[in-house]
Amino acid sequence: MPVPATSMHQTKQEHEASSLSSLADPSFILESCLLLSSFRKMGSEASERTVVGWAATDAGGHLSPYTYTLRKTGPEDVVVKVLYCGVCHTDIHQVKNHLGSSNYPMVPGHEVVGELEEVGAAVTKYRAGDVVGVGIVVGCCRQCYPCKSSNEQYCNKKI
Numbered sequence: 001m002p003v004p005a006t007s008m009h010q011t012k013q014e015h016e017a018s019s020l021s022s023l024a025d026p027s028f029i030l031e032s033c034l035l036l037s038s039f040r041k042m043g044s045e046a047s048e049r050t051v052v053g054w055a056a057t058d059a060g061g062h063l064s065p066y067t068y069t070l071r072k073t074g075p076e077d078v079v080v081k082v083l084y085c086g087v088c089h090t091d092i093h094q095v096k097n098h099l100g101s102s103n104y105p106m107v108p109g110h111e112v113v114g115e116l117e118e119v120g121a122a123v124t125k126y127r128a129g130d131v132v133g134v135g136i137v138v139g140c141c142r143q144c145y146p147c148k149s150s151n152e153q154y155c156n157k158k159i
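Structure representation (structure tokens):
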């Protein structure tokens, strides 16, 4: 995995330690906030896979490796090996439960850049090995009024 340019003069141990530091800086970019994550359209659950992400388990804000399961890749799914993701001020508020509604464990981060490790049989625009970016909205129905008017973030059926 590439090391961000800002970390080129750090040792691997210093870089790993800084990646787990407190989330006090809203511009903080967390390398590998998820080691493997699945971004998918709505579909039925199949068998699952085990993945690891960096998660907060309480409002203290400390992130540590967390193992969880995702369903098997479906025909319209893609599996993204996350290389980088943004952690913004909203993620920090959620991790630290500033709004009083956080659920733990929580893997923060969005606006992901990664490499496709697997694509479903019905996926035609992308192939395994492609580098992709994924925004905050990763699934919507594409049929309702908000979706048809370029306001997918208001879709009641979004993932």
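Mapped onto UniProt numbering, the consecutive letters of the sequence shown carry residue numbers 1 to 159.
Glycine included, every Cβ here is placed at the ideal spot set by N, Cα and C.
Query, Result
"According to DSSP, what are the bridge partners of Cys144?", "Looking at the DSSP assignment, Cys144 forms no beta bridge with any residue, so it has no partner."
"For Tyr68, tell me which candidate among His62, Lys96, Tyr104 has the shortest Cα-Cα distance.", "Tyr104"
"Following the continuous alpha helix (DSSP H) through Thr90, name the residue where it begins and the one where it ends.", "89 to 95"
"Give me the residue from Val131, Val123, Gly61 with the minimum Cα distance to residue 234.", "The chain is shown only over 1 to 159; residue 234 falls outside these bounds and no answer can be derived."
"Span of the beta strand (DSSP E) holding Val80?", "78 to 86"
"What separation, rounded to the nearest whole angstrom, lies between the Cα atoms of Gly60 and Gly100?", "13 Å"
"So, using beta-carbon positions, are Val82 and Gly129 closer together than 7 Å?", "no"
"Can you find the residues in the same chain that come closer than 7 Å, C-beta to C-beta, to Cys140, ignoring five residues on each side of it along the sequence?", "Cys147, Glu152, Cys155, Lys157, Lys158"
"Classify Tyr66 as helix, strand or coil using the three-state DSSP reduction.", "strand"
"Give the range of the beta strand (DSSP E) segment to which Arg127 is assigned.", "No beta strand (DSSP E) contains Arg127, which DSSP labels as neither H nor E."
"Rounded to a whole number of angstroms, what is the C-alpha to C-alpha distance between residue 160 and Gly53?", "Since the first and last residues shown for the chain are 1 and 159, residue 160 lies out of range."
"When the Cα of Gly120 is compared with those of Val131, Tyr66, Thr73, which residue comes out closest?", "Thr73"
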